[in-house]
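Residue numbers (this note's numbering), protein chains in the order written: chain A, 1 to 152; chain B, 1001 to 1152. Each remark here refers to the structure printed beneath this line.
There are 2 protein chains.
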Amino acid sequence: MFNDKDHSFMHAAMEEARLAATRDEVPIGAVLVKDGEIITRNGNRTIELNDPTAHAEILCIREACALEASQRIPEFDLYVTLEPCTMCAGAMAFARIKRLIIGASDPKGGGVLHGAKFFDQPTCHHKINVEHGLMTNQCSQILKEFFQNKRK
Amino acid sequence: MFNDKDHSFMHAAMEEARLAATRDEVPIGAVLVKDGEIITRNGNRTIELNDPTAHAEILCIREACALEASQRIPEFDLYVTLEPCTMCAGAMAFARIKRLIIGASDPKGGGVLHGAKFFDQPTCHHKINVEHGLMTNQCSQILKEFFQNKRK
């Protein structure tokens, strides 16, 4: 289902997640890929930027849209270490992302496979091709370790 | 249910919606209020900013969070001319908005009263006090006129 390129892109997203942890942000990372190349990459920065919308996915989308000078980037695939929340799922649909590849799932806060299941709603006007289960254990391990250290 | 202050705040949101129309953006406006005063106000700017997340509500939230130097603004009430989408509903929950006052409802794209009904989901961790039906006709009229003119 997933090829070497997919693994290398998720690896990059995991690097962004680990960098977020060093900034004491919830360690989630994302990359946006076009024509087989990473165009934007980021991790959560909600604390650093005092911005509740500064999730990894939204930061990647906003930067890619700025680069493309468009609010729609239909040639981009998004790789993210954790199932996106409802806010980010909405942003992806508005941006017309082509393909969404998810590492770990998020039963507590996810909005794609859980909860709002936004892409399944009649109010979602761009259904995104979702693939999940890429490097799930490694992706969730980053979060587990972060919260274990927090509790110490 | 709604008092004079509520009406004046929705009036300001409607002004922002009309300004958005002059920029050829979908005419939706919002204001964020704290202690009875408008702190931030904006309309949609997704085209102008090449940013699919630049909805009126998110622009108001990001600006207010920057002013408050926090990703959470629990003392703020948000007035918006149209029922927020799922993306904006998610942003409001993350920002810990206190009260959401909606003008017109949006069966096609709304994420509060329709579709994802985000605040009713177990994956929403901050239920917002939602009031709707304030100046509904005037709020929807702005949108109707905009799209009627588009079709001409």
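Quick reminder that beta carbons are idealized off the backbone N, C-alpha and C, glycines included.
In the three-state scheme derived from DSSP, where H, G and I count as helix and E and B as strand, Gly90 (chain A) is classed as helix. Listed along chain A is no residue with a C-beta nearer than 9 angstroms to that of His1132 (chain B); the closest approach is about 16 angstroms. Taking a Cβ-Cβ threshold of 7 angstroms, the residues of chain B close to His114 (chain A) are Thr1123, in chain order. Counting only runs that start and end inside the stretch 115 to 146 of chain A, the beta strand (DSSP E) elements of at least 3 residues fall at 129 to 132.
Looking at the backbone, the Cα of Lys108 (chain A) and that of Ala69 (chain A) are separated by about 35 angstroms. Taking CB atoms only, Thr1053 (chain B) has a neighbour in chain A less than 8 angstroms away. A Cβ of chain B is located within less than 8 angstroms of the beta carbon of Gly109 (chain A). According to the DSSP assignment, Arg62 (chain A) belongs to no beta strand (DSSP E) but to the alpha helix (DSSP H) extending over Ala56 to Glu68. About 5 angstroms separates the CB atoms of Cys85 (chain A) and Gly111 (chain A); that is less than 8 angstroms, so the two are in contact. Here Leu1067 (chain B) has no same chain residue with a Cβ atom under 6 angstroms from its own Cβ, once five neighbours each way along the sequence are excluded. The shortest C-alpha to C-alpha distance from Gln148 (chain A) to any of A:Thr123, A:Asp51, A:Asp24 and A:Phe118 is the one to A:Asp24. In this structure, the beta-carbon distance from Cys60 (chain A) to Leu78 (chain A) falls below 8 angstroms. Among the residues of chain A, those whose CB is under 9 angstroms from the CB of Thr1086 (chain B) are Thr86, Met87, Ala89, Gly90, Ala93, Gly111, Ala116, Phe118, Gln121, Thr123 and Cys124, following chain order. The way I'd put it, the stretch 36 to 43 of chain A does touch the stretch 16 to 23 of chain A; three or more beta-carbon pairs between them come closer than 8 angstroms.
The Cβ of Cys1060 (chain B) sits no closer than 8 angstroms to any Cβ of chain A. In this chain, the alpha helix (DSSP H) harbouring Asp6 (chain A) covers Asp4 to Thr22.
In the three-state DSSP reduction, Lys1150 (chain B) falls in the helix class (H, G or I). Across the structure, Glu1048 (chain B) and Lys152 (chain A) are spaced so that their CA atoms are roughly 46 angstroms apart. Between the alpha carbons of Ala56 (chain A) and Met1010 (chain B) lies a gap of roughly 33 angstroms. When the beta-carbon positions are compared, Thr123 (chain A) and His1132 (chain B) stay at least 8 angstroms from each other. Interface flag for Ala1069 (chain B) against chain A is set, since a Cβ pair is found closer than 8 angstroms. For Asn42 (chain A), the nearest beta carbon of chain B is not closer than 8 angstroms to its own beta carbon.
Leaving aside the five residues that flank Ala1116 (chain B) on each side, the residues in its chain whose CB is nearer than 7 angstroms to its CB run, in chain order, Thr1086. Contact between Glu75 (chain A) and Lys98 (chain A) holds, since their C-beta atoms are separated by about 6 angstroms, short of 8 angstroms. A direct Cα-Cα distance of roughly 7 angstroms separates Asp120 (chain A) from Lys127 (chain A).
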